[in-house]
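Enquirer: To convert a position in the sequence shown, counted from 1, into my numbering, add 388. No residue lacks a Cβ here, since even glycine has one placed at the ideal position from N, Cα and C. A quick note: this is a predicted structure, and the numbers were derived from the prediction, not measured. Following this message is one structure expressed as C-alpha cells.
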Amino acid sequence: MVRLNEIRPGEVAVETPEPSDAALVFIGRIRTPWTDRLACPRQGRQDGPVCRIELFEPWSAGLDGLAQYGAVEVLYWLDRSRRDLIRQSPRSDGTTRGVFSLRSPVRPNPIGTSLAKLVAIEGATVLVRGLDCLDGTPLIDLKPDRCAFTPLAPPQPGDFQVGP
Ligand code: SAM
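So this is what it looks like as C-alpha cells:
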C-alpha cells in the first residue's frame, strides 16, 4: 500500500493530538536506494540491497558486541507518514481494517521494524540487507536478533515462555 495524502472509500480519519516526537531521540539515519514510496518495498527482503545505517555520535560505542549476531532488529521512524487513519483500505477496494491489524506505515506513532541481515559493521555504520524504508529515514534503535539472543540470567518462574 503506497499512499500520499488521499482518503480511500470507507477509510476513517480521526483528530489526532499534537505530536510530541521530540520525546524520541533519533540515534542515526538510514541510507537506502529508495527516495520514492512507489519504488520502496513493502517489506524488506534478506536478499535485498545493502543499506547503510549511520549512527550519530555519541551512540556508535553502543555497537560493541553486535557483530556476533547474524541479524539485527532495526526500529525506525516512518517520518513521511500521515498519522490519523484509524481504519484503512490497503487494497483501495472499499474494504477497510483497523490500523492495528495492519503493518501500514500510516499509524499514530509511525514506527517501522525489520529483522535485517547483518552484513558488516564499519566504524559507526552498520551494513544490512532487508530494509524497506526511504533514504534518510531516522533510526530509533537497534537490537540483536531475539532468536539468537542468549539471556544473561537463567529463566525465572513466571518468565514468558513459548511452547510446552
Ligand atoms: N517493515 C516495517 C514494518 O513492518 O513495521 C515497515 C513496513 S511499511 C509497509 C513499508 C512502507 O513504508 C514502504 O513501502 C514505504 O511505502 C513506506 N515508507 C518507508 N519509509 C518511509 C518513511 N520514512 N516515511 C513514510 N513512509 C515510509
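1) Please return the same chain residues whose Cβ sits closer than 6 Å to the Cβ of residue 495, not counting the five positions on each side in sequence.
2) Here's a check: name, in chain order, each residue in its chain whose Cβ is nearer than 7 Å to the Cβ of residue 423, leaving out the five neighbours to either side.
3) Are residue 401 and residue 467 closer than 7 Å when you measure CB to CB?
4) If you draw a straight line from the C-alpha of residue 480 to the C-alpha of residue 396, how long is it?
5) Hey, residue 520 and residue 502 are a contact pair by Cβ (cut 8 Å); roughly how many whole angstroms apart?
6) Please tell me whether residue 415 and residue 464 are closer than 7 Å, where the distance is taken between their beta carbons.
7) For residue 366, which of helix, strand or coil comes out of DSSP?
8) Using a Cβ-Cβ cut-off of 8 Å (strictly less than) and excluding sequence neighbours within five positions of residue 499, which residues of its own chain qualify?
9) Using the C-alpha atoms, what's the distance from residue 428 back to residue 442?
10) Around the C-beta of residue 368, are 16 or more other C-beta atoms found within 10 angstroms, so that it is buried, or is it exposed?
11) Would you mind stating whether residue 505 and residue 459 have Cβ atoms separated by less than 7 Å?
12) Alpha carbon to alpha carbon, what distance is there between residue 483 and residue 509?
13) Keeping to the same chain, check which residues put their C-beta closer than 6 Å to that of residue 512; ignore five residues upstream and five downstream.
14) Under the rule that 16 or more other beta-carbon atoms within 10 Å means buried, what is residue 404, buried or exposed?
15) Between residue 521 and the ligand SAM, is there a pair consisting of the residue's CB and a ligand heavy atom that are separated by less than 6 Å?
16) Between the Cα of residue 525 and those of 421, 434, 457, 485, spot the shortest distance and give me the residue it belongs to.
Expert: Once the coordinates are examined:
1) Within the same chain, Cβ atoms closer than 6 Å to the Cβ of residue 495 are found at 487, the five residues on either side in sequence being excluded.
2) 522, 523.
3) Their beta carbons are not under 7 Å apart, which means residue 401 does not touch residue 467 by this criterion.
4) Answer to the nearest angstrom: the Cα atoms are 6 Å apart.
5) Residue 520 to residue 502, Cβ: 6 Å. Contact.
6) Cβ distance not < 7 Å, so residue 415 and residue 464 don't count as in contact.
7) Because the chain spans 389 through 552 in this model, residue 366 falls outside it and cannot be assessed.
8) Once the five neighbours on either side are set aside, the close Cβ partners of residue 499 are 463, 464, 465, 466, 528.
9) Their Cα atoms are separated by approximately 19 Å.
10) As displayed, the chain neither begins before 389 nor continues past 552, which places residue 368 out of reach and without an answer.
11) Contact: yes.
12) If you take the alpha carbons of residue 509 and residue 483, they lie about 44 Å apart.
13) If we look at residue 512 and ignore the five residues flanking it on each side, its Cβ neighbours are 443, 448.
14) Under this definition residue 404 is an exposed residue.
15) Flag set: Cβ of residue 521 near the ligand SAM.
16) Selection 421, 434, 457, 485 evaluated against residue 525 yields 421 as nearest (Cα-Cα).
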